[in-house]
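**Q**
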Amino acid sequence: MLTVGLNDINMKKGQYYETIITTFNENNENNATPVGVAVKNIDEITCRIFKGSKTLENIILNKKFIVNITKNPLYLTMATVDNIMDEYFQFHNNNKNYPYLKDVEAYLICEVIDIKNVVKTNDPVRQYEAGFIKAKVCEIVKLNLCVNPMNRAIYSLLESLVNYTRIDIVEKNMQNYFIDRLNESERIINKVGNNEEKKAILLLKKKIKKKGY
Ligand SMILES: Cc1cc2nc3c(=O)[nH]c(=O)nc-3n(C[C@H](O)[C@H](O)[C@H](O)COP(=O)(O)O)c2cc1C
102 MLTVGLNDIN MKKGQYYETI ITTFNENNEN NATPVGVAVK NIDEITCRIF KGSKTLENII
162 LNKKFIVNIT KNPLYLTMAT VDNIMDEYFQ FHNNNKNYPY LKDVEAYLIC EVIDIKNVVK
222 TNDPVRQYEA GFIKAKVCEI VKLNLCVNPM NRAIYSLLES LVNYTRIDIV EKNMQNYFID
282 RLNESERIIN KVGNNEEKKA ILLLKKKIKK KGY
């Protein structure tokens, strides 16, 4: 039984969150990469990780990983384009098997229940092979009083709303660009958003159609 639950860090069942997963390899080198995590149950998460990534290799090797909840833009960028430098890693209970990142809002210690090989086809990335990981959340360490995991839907909605306020005053090619962006935002929101975000993008789309776009 978890003393701090996923609910206590605002991670809701059925929702997706953008996180940074930290792992280590056979030489005890730490790795961090952004990964979208879905909440399946009060103590269960899933994620889909590209084949060929260090993260998937490390998870297959160790059967455990840490999910870091953070909005730190430099962590997210460093972890995407390269890796996060060693000085930003810390270790749960000083145990090198549990690397997490300094000053995150919270971190989740996860153990693999199951890894399946999957081939995804209905994605902008076209077809790719990945590991579909189901993991048990064994412990949650809450470092901030209030933890707010990130979700792409609200940011996509905000960008769409800003574009809406400008669509009548820009050139035709920019209008087309805004419509493309709106369609992409709608795809993201329908994939990872909550019901309110889905209702909101539908409302916006109807309004834009009514305007004749
Ligand atoms: C916000 C964000 C979310 C991402 N989510 C995933 C994901 O869910 N699964 C995945 O395989 N890659 C995801 N990526 C891409 C990986 O971070 C990327 O493939 C990375 O290069 C793998 O690094 P690694 O080899 O250090 O593990 C995401 C990237 C960003 C920026």
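The sequence shown runs 102 to 314 under the numbering used here.
C-beta: ideal position from N, C-alpha, C; glycine also.
So, for K165: in the same chain, excluding its five sequence neighbours on each side, which residues have a beta-carbon less than 6 Å away from its beta-carbon?
**A** Only E212 meet the Cβ criterion.
**Q** Less than 8 Å separating the Cβ of S286 from some heavy atom of ligand 1?
**A** Because no heavy atom of ligand 1 lies under 8 Å away, the Cβ of S286 does not count as near it: no.
**Q** Return the chain-ordered list of same chain residues with a C-beta closer than 6 Å to the C-beta of Q228, the five sequence neighbours on each side being excluded.
**A** Cβ neighbours of Q228 beyond the five flanking positions: T222.
**Q** Determine the DSSP secondary structure at P250, reduced to helix, strand or coil.
**A** In this structure, P250 counts as coil in the three-state DSSP scheme.
**Q** Could you check if V219 is buried or exposed, using at least 16 other CB atoms within 10 Å of its CB as the buried criterion?
**A** So V219 ends up on the exposed side.
**Q** Tell me where the beta strand (DSSP E) around E206 begins and ends.
**A** It is not in any beta strand (DSSP E) - E206 carries neither H nor E in the DSSP assignment.
**Q** Q276 lies in the alpha helix (DSSP H); which residues open and close that run?
**A** Element bounds for Q276: 273-293.
**Q** Could you check if G106 is buried or exposed, using at least 16 other CB atoms within 10 Å of its CB as the buried criterion?
**A** The residue in question, G106, is exposed, as its Cβ has fewer than 16 Cβ neighbours within 10 Å.
**Q** DSSP three-state call for E298: helix, strand or coil?
**A** Here E298 sits in helix by DSSP.
**Q** Thinking C-beta only, is T156 closer than 9 Å to V136?
**A** Cβ atoms of V136 and T156: closer than 9 Å.
**Q** I want to check one thing, is the minimum distance from the CB of K137 to the heavy atoms of ligand 1 below 8 Å?
**A** For clarity, residue 137 is Gly in the given sequence; the question names Lys instead. Yes, Cβ of G137 sits closer than 8 Å to a heavy atom of ligand 1.
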